[in-house]
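To start, the structure itself, in structure tokens.
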Amino acid sequence: MGENNLENKSYSRLARLYDLIHSDKDYKKEVEFIEFVIEKMSKRKVNSILDVACGTGSHAIHLKKNYFVIGIDSAKSMLEVAKKKVKDIDFFREDMRDFNLDRTFDALVCLNDSFSYNTTEEEIIDTLRCFSKHLENDGIILFDVLSILPKERVEINSFVENDTEVSRISKWVPNEKNTVRVEYIYFVRQGNNSEFHVDHHTYNLINLRRLRKLMKKAGFKDIHILNGFSKNRYKRGSPRAVFVGRYVRKN
Ligand SMILES: C[S@@+](CC[C@H](N)C(=O)[O-])C[C@H]1O[C@@H](n2cnc3c(N)ncnc32)[C@H](O)[C@@H]1O
Numbered sequence: 391m392g393e394n395n396l397e398n399k400s401y402s403r404l405a406r407l408y409d410l411i412h413s414d415k416d417y418k419k420e421v422e423f424i425e426f427v428i429e430k431m432s433k434r435k436v437n438s439i440l441d442v443a444c445g446t447g448s449h450a451i452h453l454k455k456n457y458f459v460i461g462i463d464s465a466k467s468m469l470e471v472a473k474k475k476v477k478d479i480d481f482f483r484e485d486m487r488d489f490n491l492d493r494t495f496d497a498l499v500c501l502n503d504s505f506s507y508n509t510t511e512e513e514i515i516d517t518l519r520c521f522s523k524h525l526e527n528d529g530i531i532l533f534d535v536l537s538i539l540p541k542e543r544v545e546i547n548s549f550v551e552n553d554t555e556v557s558r559i560s561k562w563v564p565n566e567k568n569t570v571r572v573e574y575i576y577f578v579r580q581g582n583n584s585e586f587h588v589d590h591h592t593y594n595l596i597n598l599r600r601l602r603k604l605m606k607k608a609g610f611k612d613i614h615i616l617n618g619f620s621k622n623r624y625k626r627g628s629p630r631a632v633f634v635g636r637y638v639r640k641n
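Each residue of the sequence shown is one higher than the one before, starting from 391 at the first, in our numbering.
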């Protein structure tokens, strides 16, 4: 396994603040896009969706309006937040590279950089194998990946809600091995308490052609690469590629 542990530090210590830090994201709109693509691609009625690396359940809360949903994630604390937020669906602690829920789904999604935590080709192959094992014949897969090596840069952001203030310094460090290391320092103030956290994440920049080949090998057909969460084909140089495919089970 690569350097990302089953539970990354940020996700364990800062799970309670994850939704605040991502409050600018429009999850409802992302889910509308996901539903559009899945329904358009599918040759069968889609009733069930597996949300892999579901985080705090922000997609699941919208997906469950139209589908039976199960969420899995490797971070216990993220799942604790998800379970409080989304009452009537099951969440399980699982590693996307090695899990067995003993059931299949009509569709599977893995969103917002989560797939890019697979930092070696072996991990990608293991993850795709696990994904296909959990899909019905003709089941649809949709996941995004980081697609260009970003320039080295530093960002400062701050997020405020009621008595909670989070300030974050992030440094993006591209690596010649086609990985990006993002280093974070968080200052958190909640009422009279303050704390700080230091952490880093490593994301893989998978060659898109290679990834398409690996998907084909894993049994996926009708593979489309979209330009982020849009209906357009991937444009070279865009920062995020969304892969969609249909799993065809071998008899
Ligand atoms: C950037 S968050 C995205 C969460 C959620 N999909 C969203 O869009 O809000 C990445 C998530 O991937 C999870 N994760 C990282 N590596 C994982 C693995 N090997 N198996 C399952 N989940 C993993 C983390 O715990 C975290 O919740």
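A virtual CB, placed ideally from N, CA and C, is assigned to each residue, including glycine.
beta-carbon residue i near ligand 1 non-hydrogen atom, thresh 8 Å
i      : result
Gly618 : no
Ile462 : yes
Ala443 : yes
Met486 : yes
Thr446 : yes
Asn490 : no
Leu440 : no
Ala631 : no
Leu595 : no
Asp503 : yes
Tyr574 : no
Contacts around residue i, its chain only, beta-carbon distance under 7 Å, and the 5 residues preceding and following it disregarded
i      : result
Asn394 : Residue placement at Asn394 is poorly supported in this model, since its pLDDT is 45, which falls under 50; the coordinates are not used for a value here.
Asp516 : Arg487, Asp488
Tyr401 : Ala465, Ser467, Met468
Which residues DSSP lists as bridging residue i, in chain order
i      : result
Thr554 : Glu551, Gln580
Asn617 : Ala631
Ala497 : Ile439, Ile530
Val390 : The structure shown does not extend to residue 390, since the chain is modelled only from 391 to 641, so the question has no answer here.
Ser560 : Glu545, Tyr574
Nearest to residue i (by Cα), restricted to the options the options
i      : options                        : result
Asp612 : Asp409, Asn490, Glu566, Ile428 : Ile428
Ile334 : Glu542, Cys500, Lys541         : For the chain, the structure presents residues 391 to 641; residue 334 sits outside this window and is missing.
Rounded Cβ spacing between residue i and residue j (contact assumed at less than 8 Å)
i      : j      : result
Tyr408 : Val471 : 7 Å
Val535 : Ala405 : Contact flag wrong, Cβ pair sits at about 23 Å.
Leu532 : Val634 : 5 Å
Cys444 : Phe481 : 7 Å
His452 : Phe495 : Incorrect: roughly 17 Å between the Cβ atoms, too far for contact.
Arg403 : His587 : 6 Å
Cut-off 6 Å between Cβ atoms - residues of its own chain near residue i, not counting five sequence neighbours on either side
i      : result
Arg602 : Ile613
Thr554 : Gln580
Own chain, CB closer than 8 Å to residue i, minus 5 neighbours either side, in chain order
i      : result
Val638 : Asn527, Asp528, Gly609, Phe610, Lys611
Pro629 : Leu536, Ser537, Ile538, Pro540, Gly618
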